[in-house]
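Add 5 to the 1-based position in the sequence shown for my numbering, that's all there is to it.
Single-structure report; data block below.
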Amino acid sequence: MEEILYEHMDFPDPEFPISVLSHQGKPRFHLDLSYHMEMEFQFICLGHGAYFIRDTNYPLQSNTVLIIHPNEVHNWIVDADAYVRKFAIMFSPMVLRNMPIADTIQERLKDVHCLSLTSKQSAKAEILLSGIDDECRQRGQYWQSAVRHYLELFLILLNDALEVTSPHPGNVEPIVQEIIAYLEENYANPLSALEVADHFNLSRFTLSRKFRRYVGLGFHEYLMHRRIFEAKRLLHETDLKIIAIACNVGFDSISAFNRAFRLLTGVSPASFRRVSM
């Protein structure tokens, strides 16, 4: 399992937080639910599957860009036998500081999560993202300026795509969206799959099946991830004692909290607090 930690990204240069990853072939792993403060673009050159972002399921298709805004829960749902070629770029807003054109385009994209590109636009996007990747690896004298330039051109390309095509609305499952909204309000309270299923007049089996198909995770897994996301935020941003954080995010014992936290992050809550401060 590989997990992206909330507000603790591993950038090659922490002073200029941006990274580009490329992948070609069958998926090497299945990403768990992720949540971070950085902007993220997934450029799908070739492949199929689905991507869950915030509360909607989007098709993973060739020549599409998936846009994940800061603090949006997301998950890559991909067939284990699928062939995928893609780029993933993640960056902090500070990378585009004092770039008004980039700011304007990001504002236009704030409610957009999936854009289709033409073949010509896709070829250009691949060149731009490869350029960012090369600059980040080589780090020449003016590499940061080059990265900012390439990234602004990539945003302009997305803006051009938005001018001629409508964003993909995603595949909506209203009952699952209602359940996710309910969990956002109540994840810190004692909850079980049976109680939530009863609340929405569903069987526990139907709830679990719909959740896994739409989100890519089971109900219990989603709830645990959501609680741990909030725990990470509190560990990073507050001085609350760990036992208080455990209670605040819905755990009935410190031992259960420690087990869940270590399972999903690979470290203890105390260790996470030390490295994230």
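In this text, a Cβ means the ideal position worked out from N, Cα and C, and glycines have one as well.
Note that the structure is a prediction, hence the values are computed from the model and not measured.
(message) Applying the 10 Å Cβ sphere with the 16-neighbour rule, what's the burial state of Pro-179?
(response) Translated into positions along the sequence shown, residue 179 becomes position 174. Its Cβ having fewer than 16 others within 10 Å, Pro-179 is exposed.
(message) Quick test of your reading: Leu-26 and Ala-130, contact by CB under 8 Å. State the CB separation rounded to the nearest angstrom.
(response) For the purposes of this step, residue 26 is identified with residue 21 of the sequence shown, where counting begins at 1. For the purposes of this step, residue 130 is identified with residue 125 of the sequence shown, where counting begins at 1. The Cβ separation is near 15 Å, so there is no contact.
(message) My output table needs one value for His-241: the three-state DSSP class, helix, strand or coil.
(response) Numbered from its first residue, the sequence shown carries residue 241 at position 236. It is helical.
(request) Using a threshold of 8 Å, state whether the C-beta atoms of Leu-101 and Arg-144 are closer than that. (result) Position 96 of the sequence shown, counting from 1, holds the residue named residue 101. Position 139 of the sequence shown, counting from 1, holds the residue named residue 144. Result no, Cβ atoms of Leu-101 and Arg-144 do not sit closer than 8 Å.
(message) So the candidates are Ile-110, Ile-132, Pro-172 and Gln-146; which of them puts its Cα closest to the Cα of Cys-119?
(response) Within the sequence shown, residue 119 is the residue found at index 114, counting from 1. Answer by Cα proximity: Pro-172.
(message) So, with DSSP's three-state summary, where would you put His-74?
(response) Along the sequence shown, one-based indexing puts residue 74 at 69. The answer is coil: DSSP assigns His-74 none of H, G, I, E or B.
(request) Could you give the DSSP three-state label for Arg-102: helix, strand or coil? (result) Counting from 1 along the sequence shown, the entry for residue 102 is found at position 97. Three-state result, Arg-102: coil.
(request) Just tell me which of Pro-195, Met-42, Tyr-88 and Arg-142 has its CA closest to the CA of Leu-51. (result) Reading the sequence shown from its first residue, position 46 is the one you call residue 51. When each option's Cα is compared against that of Leu-51, the closest is Tyr-88.
(message) Does Arg-90 come out as helix, strand or coil in the three-state DSSP assignment?
(response) Translated into positions along the sequence shown, residue 90 becomes position 85. In the structure shown, Arg-90 sits in a strand (DSSP, three-state: E or B).
(message) DSSP three-state label for Tyr-187, please.
(response) Against the sequence shown, residue 187 aligns to sequence position 182. Tyr-187: helix per DSSP, three-state reduction.
(message) Quick check on Phe-16: does DSSP put it in helix, strand or coil?
(response) The sequence position of residue 16 within the sequence shown is 11, counting from 1. Phe-16: coil per DSSP, three-state reduction.
(message) Within 8 Å of any Cβ in chain C, is that where the Cβ of Pro-172 sits?
(response) Absent from the structure: chain C. Only one protein chain is present.
(message) Between which two residues does the beta strand (DSSP E) holding Gln-47 run?
(response) Translated into positions along the sequence shown, residue 47 becomes position 42. Its beta strand (DSSP E) spans residues 44-51.
(request) Provide the residue span of the alpha helix (DSSP H) that contains Asn-164, from first to last. (result) One-based indexing of the sequence shown puts residue 164 at position 159. Segment 148-169, the alpha helix (DSSP H) holding Asn-164.
(message) Rounding to the nearest angstrom, what Cα-Cα distance links Pro-19 and Ala-251 in this structure?
(response) The residue you call residue 19 lines up with position 14 of the sequence shown. The residue you call residue 251 lines up with position 246 of the sequence shown. Pairing Pro-19 with Ala-251, the inter-Cα distance amounts to about 29 Å.
(message) Comparing C-alpha positions only, which one of Ile-49, Met-104, Glu-112 and Ser-39 sits nearest to Asn-76?
(response) Position 71 of the sequence shown, counting from 1, holds the residue named residue 76. Ser-39 is the residue among Ile-49, Met-104, Glu-112 and Ser-39 whose C-alpha sits nearest the C-alpha of Asn-76.
(request) Check Pro-64 in the structure and name its three-state DSSP category. (result) As a working note, residue 64 is residue 59 in the sequence shown. The DSSP-derived three-state label of Pro-64 is strand.
(request) State the Cα-Cα distance for the pair Ile-184 and Val-201, rounded to the nearest angstrom. (result) What you label residue 184 is simply residue 179 of the sequence shown in a count that begins at 1. What you label residue 201 is simply residue 196 of the sequence shown in a count that begins at 1. Going by the C-alpha atoms only, they are around 8 Å apart.
(request) Please classify Leu-212: is it buried, with 16 or more other beta-carbons within 10 angstroms of its beta-carbon, or exposed? (result) Here residue 212 corresponds to residue number 207 of the sequence shown, with the count starting at 1. Leu-212 should be labelled buried.
(message) Between which residues of its own chain and Leu-10 is the CB-CB distance below 8 Å, once the five residues before and five after are set aside?
(response) Position 5 of the sequence shown, counting from 1, holds the residue named residue 10. Because the pLDDT of Leu-10 is 36, which lies under 50, any placement of that residue in the model is unreliable, and the question is left without a value.
(message) One question on the structure: do Asn-80 and Gly-175 come within less than 8 Å of each other, judged by their Cβ atoms?
(response) Counted from its first residue, the sequence shown places residue 80 at position 75. Counted from its first residue, the sequence shown places residue 175 at position 170. In this structure, Gly-175 does not lie closer than 8 Å to Asn-80 by Cβ.
(message) Please classify Phe-266 as buried or exposed, where buried requires at least 16 neighbouring CB atoms within 10 angstroms.
(response) Position 261 of the sequence shown holds residue 266. That one is buried.
(request) Assign Ala-55 to one of three DSSP states: helix, strand, or coil. (result) For the purposes of this step, residue 55 is identified with residue 50 of the sequence shown, where counting begins at 1. It is a strand residue.
(message) Within the continuous beta strand (DSSP E) that includes Leu-120, where are the two ends?
(response) The count along the sequence shown starts at 1 and reaches residue 120 at position 115. Here the beta strand (DSSP E) through Leu-120 covers 119-121.
(request) Let me know if His-292 comes out buried or exposed under the rule of 16 or more other beta-carbons within 10 Å of its beta-carbon. (result) No answer is possible for residue 292: it lies beyond the span of the chain, which begins at 6 and ends at 282.
(message) Measuring straight from C-alpha to C-alpha, what distance separates Gln-126 and Leu-239?
(response) Within the sequence shown, numbered from 1, the residue matching residue 126 stands at position 121. Within the sequence shown, numbered from 1, the residue matching residue 239 stands at position 234. Straight-line Cα distance between these residues: approximately 41 Å.
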